[in-house]
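To start, the structure itself, in structure tokens.
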DNA sequence: TTTAGCACTCGCGGTTTCAGAGTGCTAACA
DNA sequence: TGTTAGCACTCTGAAACCGCGAGTGCTAAA
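Protein chains in written order, with the numbering used here: chain A, 615 to 954; chain B, 615 to 954.
Written out as structure tokens, the structure reads:
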């Protein structure tokens, strides 16, 4: 285990490095207020810390830099709860105080404030409401052979899908179809739509002509098409502000990852409840292994709705970022709970 | 005016520089197939060309590089129609051959193929269909004081807006309202919606209670809210592949511009009919002054629907890009004409 | 008018140099 | 025994320097 003094030294190194991005020498540490021993002593401690893997040298003889293990230790044991400034709280406050009735806007603004506040890249997933039920379905024919189905869920989410219609199908038939669907599907949880469609509705429809069947096939495809989960990002260019990313190749690979939204979405979706920190190599995606990703979840009652995350250099202001994510995820949860 | 030989030299310089991004010397030019005079002669011609402003030196004594004036001359006078390879045509072909009934998909795929084919960044605006009329309007109440209005246009475009409802309003009233709206507004061109709303509909509604009026106020706001024009981009990271953008600052300012979608949209919307090339400083946006932007429009009948564009370094493969944009804008126009 | 020749210029990559920052070790000290 | 001062050593990064190669402009000959 680390001694009290080693921890103290480690703490200074990390705190300092987070702000300066420069290796820290024993001299600099000794000058710190709450350090009361000489550089030589500190050098000894640093040698130990290095041997234990918490810090590293960039070359044979320059100051020390936190290793990923060091950050991990910091996050797990050393990090103090950060008290957000009034200004920061004010910015978050203002994001939520304007009356908004669309969750898209809320989430977008959250992403914005998150990246503005931290100068990192913010990523928000969701919300995915699983308890949602179908409130209404409507089909509007557009041309002889195409139509659009509009679904409204109990949460007020509106979605539409285009699909083909057999040319033999009449407008009247379409109306009948809509009636049947509304009859059978309204109130059904979205997640069970598929099952219901295959079961009752299919059966019901089979009593009619083959036209219905063909339409049904198209419609089914449209309705069950996996709805892409929305990913909201902001502050993508912030990464370039970080000195460790003054390298085109790194930036490029990172940007490529950010363009693969489904991959990112998956990553965020599988991040467990609460706040989670992934440091450097701990990240699954290779392109992110110079970064840290901090995720937090927001929820409706007990049900997890989505994830908010920040992507930045491993040299992140962990404690501040965690506080901000905490506040924001709570705000988001509240907002959604007040709606539904 | 330029002599035949000067033009020949200029052509070689530009062609070569477009592919190598390296300054060209008199030696290199002399080695070209269709050049039959010595380096010394070429040096004289180059001195003239430089004096006239068509080419530049990067420093006192290195090869020449095309100036923006040079590119402009090339684009206006020298550029030969480029014959696209079968492979290129094939890629475009394949983009359109899969049956698609959503224009979003078509446009997205177009953006993709455009950036894949060129290795530049593609930007597509639209489509904005002005002749569209309202096909149907529906209002679904979500909670005591919120509702969502769903609009379907004659082109099959679906849009929804959330708005507040006075708590005194009853469901039955809402239905009445919808009926009135459908009665009065269906078939009205979208651009005239506002006018109609203020006129007939307002009058009609005033005969009812004050509740209607309040709802009307909210609804009006929601319906007339300026619909954001969609901008589709692809290949944003391609810029980093260009050697002249191996500079973080340039990249950052360019990316910042790309995040300001409304600014970009405006730029594209005001680009006149047909193909237009903006080289370097000719661009309005400061951050783009190291780039060239080539725009083309696509249309429905006579009506311009939107713009497709490519953003790349001033050292662009103008002739190829112009051909590609030509083909693609035609394809897009055809697609939309076949639908509506 | 074109071309060969030549002196000159400049950027680029590699090497050298030097100061500064930092270390590890040793020996003295409390 | 833990702490500290001192010192030799290492390494980086910036600046200075050097020589090569590519390219030019000019002059004079073809």
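Note that CB positions come from ideal geometry on N, CA and C, so glycine has one too.
Sequence-distant residues of its chain with Cβ nearer than 6 Å to residue i (five each side left out)
| i | result |
| --- | --- |
| residue 960 of chain A | Coverage of chain A is limited to positions 615 through 954, which leaves residue 960 of chain A absent and any answer about it impossible. |
| residue 798 of chain A | 814 and 815 |
| residue 921 of chain A | 739, 882, 885, 909 and 911 |
| residue 901 of chain A | 867, 868 and 871 |
| residue 930 of chain A | 906 |
Beta-carbon gap between residue i and residue j smaller than 7 Å
| i | j | result |
| --- | --- | --- |
| residue 951 of chain B | residue 914 of chain B | yes |
| residue 927 of chain B | residue 856 of chain B | yes |
| residue 736 of chain A | residue 924 of chain A | yes |
| residue 751 of chain A | residue 796 of chain A | yes |
| residue 867 of chain B | residue 851 of chain A | no |
| residue 683 of chain A | residue 668 of chain A | yes |
| residue 834 of chain A | residue 811 of chain A | yes |
| residue 846 of chain B | residue 725 of chain B | yes |
| residue 767 of chain A | residue 803 of chain A | no |
| residue 632 of chain B | residue 688 of chain B | no |
| residue 729 of chain A | residue 848 of chain A | yes |
As assigned by DSSP and simplified to three states, the class of residue i
| i | result |
| --- | --- |
| residue 943 of chain A | helix |
| residue 917 of chain B | strand |
| residue 927 of chain B | strand |
| residue 893 of chain B | strand |
| residue 649 of chain B | coil |
| residue 843 of chain A | coil |
| residue 629 of chain B | helix |
| residue 904 of chain B | coil |
| residue 670 of chain B | strand |
| residue 834 of chain A | helix |
| residue 910 of chain B | strand |
| residue 883 of chain B | helix |
| residue 874 of chain A | coil |
| residue 681 of chain B | coil |
| residue 707 of chain A | helix |
| residue 624 of chain A | helix |
| residue 851 of chain A | helix |
| residue 735 of chain B | strand |
| residue 747 of chain A | strand |
| residue 722 of chain B | helix |
| residue 867 of chain B | helix |
| residue 752 of chain A | strand |
Nearest to residue i (by Cα), restricted to the options the options
| i | options | result |
| --- | --- | --- |
| residue 854 of chain A | B:865, B:850 and B:848 | B:865 |
| residue 622 of chain B | B:833, B:649, B:635 and B:641 | B:649 |
| residue 763 of chain A | B:758, B:772, B:862 and B:745 | B:772 |
| residue 948 of chain A | A:760, A:892 and A:721 | A:721 |
| residue 756 of chain B | B:749, B:765 and B:775 | B:775 |
| residue 783 of chain A | A:743, A:830 and A:812 | A:830 |
| residue 953 of chain A | A:685, A:653, A:761 and A:770 | A:770 |
| residue 716 of chain B | B:699, B:734 and B:741 | B:741 |
| residue 646 of chain A | A:808, A:635, A:665 and A:625 | A:625 |
| residue 666 of chain A | A:615, A:655 and A:630 | A:615 |
| residue 749 of chain B | B:873, B:800 and B:863 | B:800 |
| residue 651 of chain A | A:785, A:793 and A:620 | A:620 |
| residue 832 of chain B | B:700, B:945, B:793 and B:788 | B:788 |
| residue 917 of chain B | B:794, B:806 and B:745 | B:745 |
Close beta carbons around residue i, own chain, < 8 Å, minus the five adjacent residues each side
| i | result |
| --- | --- |
| residue 693 of chain B | 932, 933 and 936 |
| residue 702 of chain A | 731 and 938 |
| residue 634 of chain A | none |
Residues near residue i by beta carbon distance below 7 Å, same chain, minus five either side
| i | result |
| --- | --- |
| residue 963 of chain A | Nothing in the structure corresponds to residue 963 of chain A, since chain A is present only between 615 and 954. |
| residue 672 of chain B | 637 and 679 |
| residue 727 of chain B | 705, 706 and 709 |
| residue 759 of chain B | 778, 779 and 781 |
| residue 907 of chain B | 892, 897, 923 and 925 |
| residue 660 of chain B | 623, 640, 669 and 678 |
Closer than 6 Å: residue i CB and nearest the ligand MN heavy atom
| i | result |
| --- | --- |
| residue 709 of chain A | Among the ligands in the structure shown, none appear at all, so the ligand MN cannot be discussed. |
List in chain order: all unbroken beta strand (DSSP E) runs of 3+ residues lying wholly within the region 757-828 of chain A. 760-767 and 772-778
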